[in-house]
Each structure stands twice: as structure tokens, then as C-alpha cells.
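Participant:
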Amino acid sequence: MGKNTFRISFDDGTTKSVSVEIVDDYVCKYCDDEITLDQIKKTIGGTVGSNQITNINKVLPFINKYRKDFGLDTCLKKAHFLAQITHESDKFNSLEEYERWNYRSENKATGKIVSLPGVFSNTPIEFDETMGESLKEYLTEIFTIKDDKDKVLTKTNDEIKKLLLDNKVKVVDKKLYTNYQQGEELLKEVKEKKEDGTETEVIKFKIYLKSHSHFGIPLLSRMYAPYKGDRRGLGNGDELSKDGWKYKGRGLKQLTGIDNYKNFTKYRNGVTFTDDTSGKIDFEKNDDLGSPQDAKKGNYVKVSEPMYAVQSALWFWNKGSQKDNKYAVEHAENDDVNLVSKAVNAFDTENLAIREGYYNNARKKDAIDIVRHHTDIYDNGTDEQKKTSKAYFEKWKDKDDEAKKKLEEINKAD
């Protein structure tokens, strides 16, 4: 609160000094509180395992160290941020995207079969050179070649690749990259040919798809490669560049795509994170020399380290992508969980209800306690702040007994 003095000029040429009292917005006394392990556990809900607690304890000091300067300075922002990173990190089970996708992965919350992102097909397509190169180290694990008597013929990866290409074998591509445990599947019987090129009825050999595990680097390289009509804006190169794996989801936000890694690098190198003495880092730096192991040497893997996992999430929270011309942090202050979720991940439409569920946990009395926040604001704030807080109680009165109780108190007093 303070006073500003203005001089007013009148038509007769005289002036007069006028002092106007400026009333500052009241600041909730709980907004400055640190986020606690227990609040995160309440946001997750249910049983929280030792691995989750270990991960929470790794990142929580950084969250609290940076929160005031990077958009976690109110109860609302803290509650929304916790809800989003709880979902993005699979309830703090991992600071990087999983590579183990099953051929038929099921969304545990909805029971629906999950479609693989990107170019993957649900119907057979012709095995091509890109698939052959991407999977060249694993073809003997994926395919079996048998003679007409069903005796297995020993073939190298290169020989299998040539057979698949020469014989234009068709297959559902996601069966090749994911964890496929559906048993042996006959893909093609290759028959002997006459001199004129027509087929005989004599079987030369048979090509089978067999059960196998997933292949992480090829899988994510294909999943996040660009394709016609791709709206994700990841900036990655094609499947053989391995960009999809290099710039897979990492950090509390699961930062994905080379463009996001570039933008995080630019942002981080231009701001100050308290006590971070690691200097400027190029998180898109690529030390790939060709082999799967070499691909794991780039700076991009650092984003899954606790400090950078938090920093990258806070960059995206403040300056990542927008929904309706606002960043996630802005929608959080407006308490719009749907728009916060879409700003954080516009393509994860199947899990909007799950994200909302985490927010409902985070806002409750035993977590961040948003009713307590608005009660403090209503009891001490400006008239405009009172309107906002009363609107919150109206919004939640049918879902939250504490909100209903406070609204009844307000209406009775009025």
C-alpha cells in the first residue's frame, strides 16, 4: 500500500495536486512455502514406492531452490506444476521416456490399446531400406528363415535384409520394433520360379516373424521421425539420424525433439539458476559415431540428470509451448487445468482426465490446499481478489466440502 501524487490541470489554467492511495494485492502467506515430499506423495495418490521417493528426493531440492524465480511462486502454480510433472514422469518413476513398448500396449487408466506415435502402421506395409538399416543389428532376432521342410536356415543380418527387400515382404512395422510376444507368424512363402519368371508350386523358403524383445533406439528413432502431415514440430531428422532416440522424452517434463532441446539450451544459457556452476551446455550436442553405444554419449542424455530435469521442466513451464496464446504458467494462475495440460502436451489428449485427477489431488487440504489459499486471500485481499476467491469456491462447492463450507460462510455474512 502506498500513495501516488498527481497534478490535475483545469480549463481555467489552474492545477491541483491530488494524492491517490494505491492498494497492493494481498499476497497469500502460504504461497511462499516450500514444496514438500508429502505434498508430492499426496499428488501421486495411493502407494508410493521407494524408487519414486528416491527420484522425488533427487529433484525436490532443485524445485524449491528455483521455484520463486521460475513461476512456482503461488499455491495455484505449485499445485498445477506438481500435477503435470507427476503425469509426465510416470508418477516420478522415471526421469526419461521408457523404451519398452509392447506391440499391444494398454493404457492402464483407460484400458484402451495405445497407438504408437508417429509413422507406425496398423496394417502390413512393405519392408523397406530404412527399416533394414535401422534394424540391421537385430534382424536375426526378429525373423526366422525356414526351408520347405520347416528346417531353420542359418542367415546373417545382411542376408535376411536382402531376402526381405528382394521378396517385397509385407509386415505391420510396429511388430518389428516393439516387444512382440504373439508367437511365430508366417509372412511369406517364397516359391521357385521357372525360366520365364513365373512361380512354381515348389516352396523355396519361408519367412517368419518371431517373438522378440523391443529395440529402444530404432523404436524411438522411428516414433519421433518426421512424416507427411506431422504437426508435432519436433525438428528431428529421419529415422536413420537416430534423432528420435537422442532427443526422446527426458526430464520432469519429458522434453522431446531436437527443437525443444535447442530452445532449452538457449533459455538456460541466458538465465541464472541459483547455485548452478556447471556453465553453458549445448544439450543438443551430438557425439554419435554410429553404434547404439555411441548414441548414448551426447549431451542430450544430461537432461535426465536431476538438476537439468528440473531446469528443463521449468523452461517449458514458462516458455515452452502455448495454448490460446498463453504458456502453462499463465493458465495455472487462471486455475484452468485443461489449458495447462494442453500447453504442456497438446498431443496427449487421451490423458487429460488423468492430469486433472493429479491436480485434484494436489489442490486438496492434505497437499497444497488451494481452499486454504483462497480463504486467506478472501479474508485479507482486495475487493477484486475477493471476487476471484469466491468464484473458486463457487466452482468447487459440489466437489470439495471445504470450498462449500467457506462459500456458505461468505453468503451468510453477506
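Mapping the sequence shown onto numbering that gives the first Met the number 0, position 149 (from 1) lands on 148, and the numbers just tick up by one. From the three backbone atoms N, C-alpha and C, an ideal C-beta is built for every residue, glycine too.
1. Could you pull the start and end residues of the beta strand (DSSP E) that VAL189 belongs to?
2. Enumerate in chain order the residues of its own chain whose CB-to-CB distance from ASN360 is below 7 Å, with the five nearest sequence positions on each side excluded.
3. CB-CB under 8 Å to ILE134, same chain, minus the five flanking residues each way: which ones, in chain order?
4. For ASP378, which residues from the same chain have a beta carbon less than 6 Å from its beta carbon, with the 5 sequence-adjacent residues on both sides left out?
5. Near PRO123, which residues of its chain fall below 8 Å by C-beta distance, leaving aside the five closest residues on each side in sequence?
6. Quick check: the stretch 144-160 against the stretch 73-92, are at least 3 beta-carbon pairs closer than 8 Å?
7. With 16 as the cutoff for other CB atoms within 10 Å, does SER388 come out buried or exposed?
8. Using the three-state DSSP reduction, which class does LYS398 fall into: helix, strand or coil?
9. Per DSSP, SER8 forms a beta bridge with which residues?
10. What does the alpha-carbon distance come out to for the pair GLU158 and GLU198?
11. Measuring only the C-alpha atoms, how far is HIS330 from LYS245?
12. How would you label TYR358, buried or exposed, when you count the other beta carbons within 10 angstroms and need 16 or more for buried?
13. On the premise that ASN298 lies in contact with PHE282, defined as a C-beta separation below 8 Å, what is that separation, rounded to the nearest angstrom?
14. Taking its Cβ as the centre, do 16 or more other Cβ atoms sit within 10 Å of LEU36, making it buried, or is it exposed?
15. Is it true that the CB of LYS247 sits closer than 9 Å to the CB of GLU98?
16. Determine the contact status of MET222 and GLY250, defining contact as a CB-CB distance below 9 Å.
17. Mark LEU288 as exposed unless 16 or more other C-beta atoms lie within 10 angstroms of its C-beta, in which case mark it buried.
18. Excluding the 5 residues preceding and the 5 following LYS64 in the sequence, name in chain order all residues of the same chain whose CB lies nearer than 7 Å to its CB.
19. Comparing C-alpha positions only, which one of ILE84, LYS284, ASP10 sits nearest to ASN54?
Facilitator: Looking at the coordinates:
1. Reading the sequence shown from its first residue, position 190 is the one you call residue 189. That run of the beta strand (DSSP E) goes 184-192.
2. Numbered from 1 along the sequence shown, position 361 holds the residue referred to as residue 360. LYS41, THR42, GLY44, ALA366.
3. Counted from its first residue, the sequence shown places residue 134 at position 135. Contrary to the premise, residue 134 reads as Leu rather than Ile in this sequence. So the list reads ILE141, LEU175, TYR176, PHE214, PRO217, once near-sequence residues are dropped.
4. Here residue 378 corresponds to residue number 379 of the sequence shown, with the count starting at 1. There are no such residues.
5. Along the sequence shown, read from residue 1 onward, the residue named residue 123 stands at position 124. Excluding residues within five positions, the ones whose Cβ falls inside 8 Å are LYS169, VAL170, VAL171.
6. no
7. The residue you call residue 388 lines up with position 389 of the sequence shown. So SER388 ends up on the buried side.
8. In the sequence shown, the residue the question calls residue 398 occupies position 399. Of the three classes helix, strand and coil, the one that applies to LYS398 here is coil, per DSSP.
9. As a first step, residue 8 is located in the sequence shown; it is residue number 9 there, counting from the start. According to DSSP, SER8 bridges with THR14.
10. The count along the sequence shown starts at 1 and reaches residue 158 at position 159. The count along the sequence shown starts at 1 and reaches residue 198 at position 199. Going by the C-alpha atoms only, they are around 22 Å apart.
11. Start at 1 with the first residue of the sequence shown, and residue 330 comes out as number 331. Start at 1 with the first residue of the sequence shown, and residue 245 comes out as number 246. Rounded to whole angstroms, HIS330 to LYS245 spans 31 Å at the Cα level.
12. The residue labelled residue 358 in the question sits at position 359 within the sequence shown. TYR358 comes out buried.
13. Residue mapping note: residue 282 aligns to position 283 of the sequence shown, counting from 1. Residue mapping note: residue 298 aligns to position 299 of the sequence shown, counting from 1. With a Cβ gap of about 5 Å, PHE282 and ASN298 count as contacting.
14. Numbered from its first residue, the sequence shown carries residue 36 at position 37. LEU36 comes out exposed.
15. Counting from one through the sequence shown, the residue named residue 98 turns up at place 99. Counting from one through the sequence shown, the residue named residue 247 turns up at place 248. Closer than 9 Å, so yes.
16. In the sequence shown, residue 222 corresponds to position 223, counting from 1. In the sequence shown, residue 250 corresponds to position 251, counting from 1. Not in contact: MET222 and GLY250 (Cβ atoms no closer than 9 Å).
17. Position 289 of the sequence shown, counting from 1, holds the residue named residue 288. Note on LEU288: pLDDT 46, under 50, position unreliable in the model; the coordinate value appears next. It counts as exposed.
18. Along the sequence shown, one-based indexing puts residue 64 at 65. Counting only Cβ-Cβ distances below 7 Å, and skipping sequence neighbours, we find THR273, ASP274.
19. Mapped onto the sequence shown, residue 54 falls at position 55. ASN54 has its Cα closest to that of ILE84, out of ILE84, LYS284, ASP10.
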